[in-house]
Amino acid sequence: MLNILIAEGTPAVWQTERAGFGLPSNFSLFAAAVRLHCPDSRCTPLNIADGEALPFGITLSDFDGVMLPGSPLHIYDPTPCVSRQIDFARAAFAIGVPIWGSCWGLQLAVVGLGGSVRRNPRGRELPIARAITVTEAGRAHRLLASRPAVFDALCSHLDEIETLPPNAQVLAANEISAIQAIAVETPSRGSFHGTQYHPEHTLAVSAALIEIRPAELVEEGFGTTPSEIVAMAADYRALDAEPTRRDLIWRYGVASEIMDPIRRTTEIGNWLRTVVIPRRF
Numbered sequence: 089m090l091n092i093l094i095a096e097g098t099p100a101v102w103q104t105e106r107a108g109f110g111l112p113s114n115f116s117l118f119a120a121a122v123r124l125h126c127p128d129s130r131c132t133p134l135n136i137a138d139g140e141a142l143p144f145g146i147t148l149s150d151f152d153g154v155m156l157p158g159s160p161l162h163i164y165d166p167t168p169c170v171s172r173q174i175d176f177a178r179a180a181f182a183i184g185v186p187i188w189g190s191c192w193g194l195q196l197a198v199v200g201l202g203g204s205v206r207r208n209p210r211g212r213e214l215p216i217a218r219a220i221t222v223t224e225a226g227r228a229h230r231l232l233a234s235r236p237a238v239f240d241a242l243c244s245h246l247d248e249i250e251t252l253p254p255n256a257q258v259l260a261a262n263e264i265s266a267i268q269a270i271a272v273e274t275p276s277r278g279s280f281h282g283t284q285y286h287p288e289h290t291l292a293v294s295a296a297l298i299e300i301r302p303a304e305l306v307e308e309g310f311g312t313t314p315s316e317i318v319a320m321a322a323d324y325r326a327l328d329a330e331p332t333r334r335d336l337i338w339r340y341g342v343a344s345e346i347m348d349p350i351r352r353t354t355e356i357g358n359w360l361r362t363v364v365i366p367r368r369f
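Numbering-wise (the working numbering), the sequence shown opens with residue 89 and increments by one.
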């Protein structure tokens, strides 16, 4: 049985507000993705955004892997909520436990390892990262095994990696984000694998992320009126409830790499099978 720590990067008070739009916790999304590929895994939540400590007698080395999910925070904001998460990431790297990160988790790990993050000058990427292209390094890498050379994935982010840490390989990129997936492997500091997109997201999550900010999305050119944005969110929810809706699949160009849960979570499954399990057993 794998023992995975899921280190929540969203303050609990923010998560309560987001739940009103139907956004589940990052823990539940990650745990569901892990169990799709390794059903017997034990997943433990820890809110590092709020400074929650591990239970007495438990250390990071007791876990087979650490997962860093998304967050609405910005890693370049010098707040205690951000700095304590950077400290946590560095502590996990020092121990050498395998680490996975999606979006904020990727950015957190990059900064923890010595890289930098900035606001993406090309703007927000939501709800689908289009035409993610596997690099030459990515074609040979286990993280993207079974992904096609070009694919789409669910996403939601405003920031991007500005400079990479030492020993990082770029595995995938697209027009909006030059770094969509990376791997960092060092003998002394363990390994990190992560994506700027969200393999753990569902269409219902994308719907909530659209619906939560209609005015912003109109300003950013995603629609002409707030009602148009809300209607888009409703369509995503409908497709999540009825995955056979060919009309909605066609309307929004939602590829099978997203519609199929196993395909959508490919990178998490590959990380578990090729990084975490070999180290554990």
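For each residue, glycine too, the CB sits at the ideal point set by N, CA and C.
Determine the extent of the alpha helix (DSSP H) in which Ala237 is found, giving its start and end residues. Note, Ala237: premise wrong, no alpha helix (DSSP H); not H, not E.
Near Arg207, what residues of its chain come up, given a Cβ to Cβ distance below 7 Å and the 5 sequence neighbours on each side ignored? Leu246, Asp247
Please work out which residues of its chain come closer than 6 Å, Cβ to Cβ, to Ala295, disregarding the five sequence neighbours upstream and downstream, and give them in chain order. Ala321, Tyr324, Arg325
Candidates Ala95, Trp102, Pro366, Ile356: closest to Ala233 by CA position: The residue from Ala95, Trp102, Pro366, Ile356 with its alpha-carbon nearest to that of Ala233 is Ile356.
Any idea what DSSP makes of Met320, helix, strand or coil? Shown here, Met320 sits in a helix according to DSSP, grouped into three states.
Report buried or exposed for Thr290, applying the criterion of at least 16 other Cβ atoms within 10 angstroms of its Cβ. buried
Within the same chain, show all residues whose beta-carbon is closer than 8 Å to that of Arg368, passing over the 5 residues directly before and after it, in chain order. Leu90, Asp152
CA-CA distance, Arg178 and Val318? 40 Å
Where Trp192 and Ile220 are concerned, what is the direct C-alpha to C-alpha distance, given to the nearest angstrom? 18 Å
Along the chain, which unbroken stretches of the alpha helix (DSSP H) at least 4 residues long are found entirely within the stretch 156-215? You should have 168-183, 192-200.
For Arg130, the residue or residues it bridges with in DSSP: Asn91
Burial state of Pro349 (16 or more Cβ within 10 Å): exposed
Under the assumption that Ala197 contacts Gly282 (Cβ atoms under 8 Å), give the Cβ distance between them as a whole number of angstroms. 6 Å
From the DSSP output, which residues share a beta bridge with Ser279? Glu273
In angstroms with no decimal places, state the Cα-to-Cα distance between Leu214 and Ile365. 32 Å
Cβ contact check for the stretch 95-102 and the stretch 157-167: 3 or more pairs under 8 Å: yes
Apart from the five residues on each side of it in sequence, which residues of its chain come closer than 7 Å, Cβ to Cβ, to Val170? Leu161, Ile163
Compute the distance between the beta-carbons of Val185 and Gly278, then report whether it is under 8 Å. yes
Return the bridge partner residues of Ile220 from the DSSP annotation. Phe239
For Val71, does the count of other Cβ atoms within 10 angstroms reach 16, so buried, or fall short, so exposed? Absent from the model: residue 71. The displayed extent of the chain is 89 to 369, so no value can be given.
Classification of Ser265 by the beta-carbon crowding that lies within 10 angstroms, buried from 16 upward: buried
Alpha carbon to alpha carbon, how far is Thr362 from Arg352? 17 Å
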